[in-house]
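Okay, structure first, notes after.
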């Protein structure tokens, strides 16, 4: 019996599963995530998954494969959110689930806002952002769109019921490597 993927925190210990996800994704899906052609995932995923202060979530299917990844990475007083959903799992709400799970961590990280970099015309990401229960602001930055929301808007979700279950119940817990952000500095907004 197929169950919806379960979401857990993830990190360097799940490198092999994260690499396998990247290898199952189409070139178009990888381009949407990274905005450029990427080398072998083993060359960049260890640094991404081990980045100090970052939070990573993975959606696992019944076969114990990662079928989607979400990242929240410190960038001074903001955090960058990024998603990758395997082609065969797109349009099933996984990106929205991961984004909401990441959103529940933004205030805890002390960031003033969270943003994502989106290619103009990326309909899949636009669909995810349309389902965001908070105002999403957009700014064209010469070939890429910065979509962002304020932490105070996400705080409303933690106090209310817009996320459904309490944020801590949205995903199963796995150990997350936590470290202080070394790059805190000037506000981006």
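Numbering (my numbering), first residue to last: 665 to 853.
Note that CB positions come from ideal geometry on N, CA and C, so glycine has one too.
Since we're looking at a predicted model, the values are computed, not measured.
Mapping the DSSP letters down to three states, classify residue i as helix, strand or coil.
| i | result |
| --- | --- |
| residue 701 | coil |
| residue 800 | coil |
| residue 854 | What the structure shows of the chain is the stretch from 665 to 853, and residue 854 is not part of that stretch, so it cannot be assessed. |
| residue 807 | coil |
| residue 744 | strand |
Report the residue from the options whose alpha carbon sits nearest the alpha carbon of residue i.
| i | options | result |
| --- | --- | --- |
| residue 706 | 727, 676 and 785 | 676 |
| residue 742 | 730, 710, 779 and 804 | 779 |
| residue 731 | 722, 760 and 737 | 722 |
| residue 746 | 735, 708, 806 and 787 | 735 |
| residue 682 | 692, 740 and 750 | 750 |
| residue 757 | 733, 680, 684 and 737 | 733 |
| residue 818 | 687, 678, 744 and 768 | 768 |
Have a look at residue i and residue j and give me their C-alpha separation to the nearest angstrom.
| i | j | result |
| --- | --- | --- |
| residue 816 | residue 704 | 38 Å |
| residue 667 | residue 813 | 32 Å |
| residue 771 | residue 762 | 16 Å |
| residue 728 | residue 805 | 38 Å |
| residue 754 | residue 740 | 31 Å |
| residue 709 | residue 693 | 16 Å |
| residue 831 | residue 796 | Here residue 831 scores only 38 on pLDDT, less than 50, and its place in the model should not be relied on; the value that follows carries that caveat. Roughly 15 Å between the two C-alpha positions. |
| residue 726 | residue 678 | 16 Å |
| residue 842 | residue 680 | Confidence in residue 842 is poor, its pLDDT being 27 and thus under 50, which makes the residue's placement unreliable; the coordinate value appears in the next sentence. Spanning the two alpha carbons is a distance of roughly 21 Å. |
Tell me, which residues are paired with residue i by DSSP?
| i | result |
| --- | --- |
| residue 854 | Any property of residue 854 remains undetermined from this structure, which presents the chain solely from 665 to 853. |
| residue 667 | Looking at the DSSP assignment, residue 667 forms no beta bridge with any residue, so it has no partner. |
| residue 779 | 744 and 812 |
| residue 749 | 732 |
| residue 738 | 743 |
The stretch 685-705 contacting the stretch 713-720, beta-carbon criterion three pairs below 8 Å: Taking one beta carbon from each stretch, the stretch 685-705 and the stretch 713-720 have fewer than 3 pairs nearer than 8 Å; the two do not touch.
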